[in-house]
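Below is one structure, written out as structure tokens; the observations come after it.
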Amino acid sequence: DKPFFIWHNSTRMHVWTHLSEEYQGKSGYGLYADGMMDLDDQVGVMLDKLEELGVADNTIVVFSTDNGAEKFTWPDGGTTPFK
Numbered sequence: 077d078k079p080f081f082i083w084h085n086s087t088r089m090h091v092w093t094h095l096s097e098e099y100q101g102k103s104g105y106g107l108y109a110d111g112m113m114d115l116d117d118q119v120g121v122m123l124d125k126l127e128e129l130g131v132a133d134n135t136i137v138v139f140s141t142d143n144g145a146e147k148f149t150w151p152d153g154g155t156t157p158f159k
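Numbered according to the numbering used here, the sequence shown spans residues 77 to 159.
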């Protein structure tokens with residue numbers, strides 16, 4: 077019953093990482109959307125575990141993200157589609 081802290085730092089959408097065959101082409105909208113489906117399932121596994129442990133009702137979950145990795149830094153910072 078002691079409080080605990082977990083920090084899960086997923087790189088799923090931050091940079092180009094391996095996408096398992098299970099998710100390749102799953103969304104029909106390309107690599108990024110397939111990766112989001114993978115990330116969504118990963119978060120779901122963590123939330124399900126909190127339920128299974130019986131601590132979900134007394135837990136605060138904060139999900140945060142940024143705009144992804146910069147691919148170019150000229151002229152004014154990253155020029156990715158996630159500005």
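We treat Cβ as the ideally placed atom computed from N, Cα and C, and that holds for glycine.
As assigned by DSSP and simplified to three states, the class of residue i
i	result
Lys-102	coil
Asp-77	coil
Gly-111	helix
Asn-85	coil
Leu-126	helix
Val-119	helix
is_contact[residue i, chain B] using C-beta, thresh 8 Å
i	result
Lys-78	Note that chain B does not occur in the displayed structure, where there is just one protein chain.
Sub-8 Å separation of residue i and residue j beta-carbons
i	j	result
Leu-95	Asp-110	yes
Contact belief for residue i with residue j at Cβ below 8 Å, rounded distance in angstroms
i	j	result
Phe-139	Val-121	About 14 Å separates the two Cβ atoms, so there is no contact after all.
Arg-88	Asp-124	Rounded, the Cβ-Cβ distance is 17 Å, inconsistent with contact.
Cβ shell of residue i (< 8 Å), same chain only, five flanking positions each side left out
i	result
Gln-100	Asp-110
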